[in-house]
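Numbering (my numbering), first residue to last: 7 to 763.
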DNA sequence: GTGATTCACTTTTTT
DNA sequence: AGTGAATCAC
């Protein structure tokens with residue numbers, strides 16, 4: 007029964023067997039954290055704790071599902087009864103039950119980020135503020151940040167520090183906007199993502215009876231990825247476990263990568279203050295990766311000033327060196343990685359699932375997709391534009407949301423004239439004015455148009471109102487799928503897509519069908535006791551692209567995703583690509599030192615995903631906003647101890663090197679490729695006569711129709727090229743040029759950006 | 001009120 | 001490059 011415990015090492019065993027009382031587990035990368043957590047929960051259940059009384063909070067829906075699955079394989083179907091999910095999904099559920107206490111109804115809408123920003127834009131416009139200064143993005147992140155620190159609108163306005171801060175940023179009205187935003191969300195019976203946590207805090211603060219109920223309900227509270235929780239989340243868990251004191255948090259400060267979203271490593275310190283008799287267990291042995299990978303990762307994180315709380319080590323084999331690949335362009339980077347992947351697959355007999363390609367931003371995936379497709383290697387992209395963010399999906403969901411909740415202003419704005427039914431901005435504005443003059447909700451005006459407005463506009467509105475009313479009648483009789491299918495058919499959006507015979511139109515049509523299928527699945531799933539449309543909407547609002555499963559049946563695929571998305575995962579071979587300054591570390595992060603440390607932790611996370619082999623790559627140039635840009639290798643490359651690196655050269659570089667080796671003594675071997683590259687190239691190029699006719703600037707446009715001597719050119723796509731040369735001072739210089747083919751001659755036309763390497 | 005065209009902005013990561 | 005907002009012609 008409990009034989010699984012014998013497979014654990016000592017600290018792991020102690021963490022699993024720890025009885026009552028607060029526990030903090032500092033778990034290094036690859037130290038078997040998930041195993042400990044699942045075994046601990048299994049153990050609790052075996053000892054007789056009712057699964058209904060265990061609350062386990064994870065960072066993603068996927069992680070929750072996986073953990074539930076693993077616990078189920080130990081203790082059986084009882085595992086289904088555990089309260090397990092993300093903070094957002096669990097507390098959305100509780101808020102749904104307790105909505106009345108806060109003045110909401112249980113069918114409240116959940117605004118996604120687009121809804122929030124759209125509402126903010128409206129408010130900014132209504133306030134007559136300049137939307138160039140008050141950018142919805144910025145305002146949103148300020149408000150979000152405030153909410154995550156539990157600063158409500160009143161506190162926000164009353165806080166002199168915040169006010170001077172906003173004034174300094176020339177946005178003194180943010181507090182007023184925040185207040186209006188909160189009001190409008192309330193009137194719309196809607197909560198945004200941050201509200202789900204903020205309002206839970208309010209609920210527990212103002213309704214002690216409710217708090218008490220849940221405090222006693224949950225005998226054990228467990229939190230995974232504790233380093234990524236924000237203050238708002240921490241306070242919820244602290245309150246919930248205040249009575250039983252059975253709180254177990256698992257985290258790794260070295261893997262904290264969500265500070266930008268309000269995550270607070272301080273939570274770990276606060277935890278020790280708030281629970282003085284806490285027991286701390288450190289898991290430091292890595293079972294995942296080779297020594298090379300573990301040590302390289304350690305050498306990176308050691309550069310951060312933030313105090314290390316542990317030392318991760320491994321007894322695994324040394325493993326192969328980290329390969330460095332240099333490419334001329336992002337497209338070549340794609341090809342080189344795809345080729346390398348293909349060769350590794352053949353040589354070592356691996357599957358596609360053994361590989362992951364990790365990048366800093368979603369936009370980087372393109373080159374790898376193309377290259378993998380060309381080699382017929384199946385891949386799956388995690389992240390990026392989520393299925394649920396597609397227009398056609400949001401449109402149908404908006405219909406469903408509005409059917410369930412007629413106060414939902416954002417859903418209303420989306421569907422009132424979709425498909426076109428002759429209700430333009432003017433009419434909508436008129437309705438809004440009438441509603442506010444009469445102090446009634448918009449739906450009151452829309453559903454009784456005749457009472458409020460006369461004239462032609464009324465007819466179209468009335469048709470719309472009748473449509474929605476007919477949907478509402480279905481809500482109590484039909485399940486989510488039947489309502490949704492009916493809405494899709496009769497609202498006209500399915501028909502509009504069906505009539506669109508373009509490729510995109512077809513795929514949109516299929517997407518809507520896919521959404522309907524997923525609603526069907528939701529309804530057919532015996533685990534869901536509430537099959538109402540309202541229940542479905544609550545779940546679907548909190549799904550992300552990471553939760554999508556691919557349905558083509560073939561599971562042997564290479565994984566492409568951002569490093570953030572890779573948290574908690576592991577792969578045999580990992581490629582970390584796009585290691586260029588300004589990209590990774592991200593330019594935005596270079597401004598403050600603390601944030602650079604977060605980027606470094608991100609790199610640490612990326613490295614520690616690899617089990618056997620790690621490859622890193624960078625390109626000399628890449629497309630950026632549709633423009634070609636010269637890139638420099640990332641400082642992170644130079645931060646890896648060169649002893650761990652092996653440099654893979656382009657064929658050209660290999661040829662050059664072999665010639666050089668005939669003359670040169672092999673001084674540093676493969677040491678520090680990046681640093682020595684410039685000098686090496688300089689050595690080769692120096693003997694050649696330097697071009698004299700461009701004295702002031704190395705790449706000044708000249709009237710010559712040929713490339714100057716001493717310039718190496720890499721042809722890129724679309725008539726662009728990367729030119730490299732060594733200037734008089736021995737510096738390696740690069741520039742993007744544009745070629746135009748005139749007859750047989752290639753003309754040097756213009757120069758883009760110029761940078762010294 | 002609708003559709004076409006131009007303009008401006010984006011790009012860090014995600015619940 | 002690609003999107004969404006703003007502006008203009010009908």
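The beta-carbon is built from N, C-alpha and C at its ideal position, and this holds for glycine as well.
Rounding to the nearest angstrom, what Cα-Cα distance links residue i and residue j in this structure?
i, j, result
"residue 677", "residue 610", "Confidence in residue 677 is poor, its pLDDT being 32 and thus under 50, which makes the residue's placement too unreliable to answer from."
"residue 648", "residue 602", "21 angstroms"
"residue 330", "residue 653", "5 angstroms"
"residue 96", "residue 63", "8 angstroms"
"residue 608", "residue 151", "21 angstroms"
"residue 2", "residue 303", "An answer regarding residue 2 cannot be provided, because it is not within the stretch 7 to 763 covered by the chain."
"residue 206", "residue 99", "10 angstroms"
"residue 367", "residue 591", "11 angstroms"
"residue 340", "residue 352", "18 angstroms"
"residue 201", "residue 268", "14 angstroms"
"residue 472", "residue 518", "23 angstroms"
"residue 533", "residue 83", "11 angstroms"
"residue 514", "residue 524", "15 angstroms"
"residue 333", "residue 212", "59 angstroms"
"residue 390", "residue 551", "7 angstroms"
"residue 305", "residue 278", "28 angstroms"
"residue 594", "residue 67", "29 angstroms"
"residue 448", "residue 167", "37 angstroms"
Is it buried or exposed, residue i, if we count other Cβ atoms within 10 angstroms and call 16 or more buried?
i, result
"residue 58", "exposed"
"residue 239", "buried"
"residue 679", "Because the pLDDT of residue 679 is 37, which lies under 50, any placement of that residue in the model is unreliable, and the number read from its coordinates should be weighed accordingly. Label assigned to residue 679: buried."
"residue 342", "buried"
"residue 193", "exposed"
"residue 574", "buried"
"residue 398", "buried"
"residue 605", "buried"
Go through its chain and collect everything with a Cβ distance to residue i's Cβ below 7 angstroms, but skip five positions before and after it.
i, result
"residue 122", "146 and 198"
"residue 526", "487"
"residue 681", "Residue confidence is low: residue 681 scores 36 on pLDDT, short of 50, so the model does not pin down where it sits. No coordinate-derived value is stated."
"residue 22", "11, 14, 42, 45, 46 and 49"
"residue 93", "63, 203 and 239"
Quick check on residue i: does DSSP put it in helix, strand or coil?
i, result
"residue 489", "helix"
"residue 318", "coil"
"residue 345", "helix"
"residue 361", "strand"
"residue 579", "strand"
"residue 508", "coil"
"residue 147", "helix"
"residue 128", "helix"
"residue 588", "strand"
"residue 10", "helix"
"residue 573", "coil"
"residue 139", "coil"
"residue 446", "coil"
"residue 329", "strand"
"residue 652", "strand"
"residue 30", "strand"
"residue 371", "helix"
Only counting the same chain, and skipping five residues up and downstream in sequence, which positions put a Cβ closer than 8 angstroms to that of residue i?
i, result
"residue 293", "36, 37, 38, 320 and 322"
"residue 612", "364, 569, 572, 580 and 582"
"residue 410", "113, 115, 481, 539, 540 and 543"
"residue 466", "427, 428, 429 and 433"
"residue 242", "93, 97, 203, 206, 207 and 210"
"residue 103", "112"
Starting from the C-beta of residue i, find all residues in its chain whose C-beta is less than 6 angstroms away, skip the five residues before and the five after it, and write them out in chain order.
i, result
"residue 385", "378, 563, 564 and 566"
"residue 91", "70"
"residue 155", "237"
"residue 254", "29 and 228"
- Item | Whole alpha helix (DSSP H) elements within the region 34-106, 4-residue minimum | 39-52, 67-81 and 93-104
- Ordered list of alpha helix (DSSP H) runs contained in the region 249-310, each at least 4 residues: Segments of the alpha helix (DSSP H) lying fully in the region 249-310: 272-280 and 297-307.
- Enumerate, from N- to C-terminal direction, the unbroken beta strand (DSSP E) stretches of 3 or more residues contained entirely within the region 379-442. 385-387
- Task: Please list the segments of the alpha helix (DSSP H) lying wholly inside the region 169-254, counting only runs of 4 or more residues, in order along the chain.
- Result: 180-193, 199-212, 214-223 and 237-246
- Task: Just list the alpha helix (DSSP H) runs in the region 597-640, keeping only unbroken ones of 4 residues or longer that don't cross its boundaries, in chain order.
- Result: 599-613
- Message: Which runs of the beta strand (DSSP E) at least 3 residues long sit entirely within the region 528-567? Give them in chain order.
- Response: Runs found: none.
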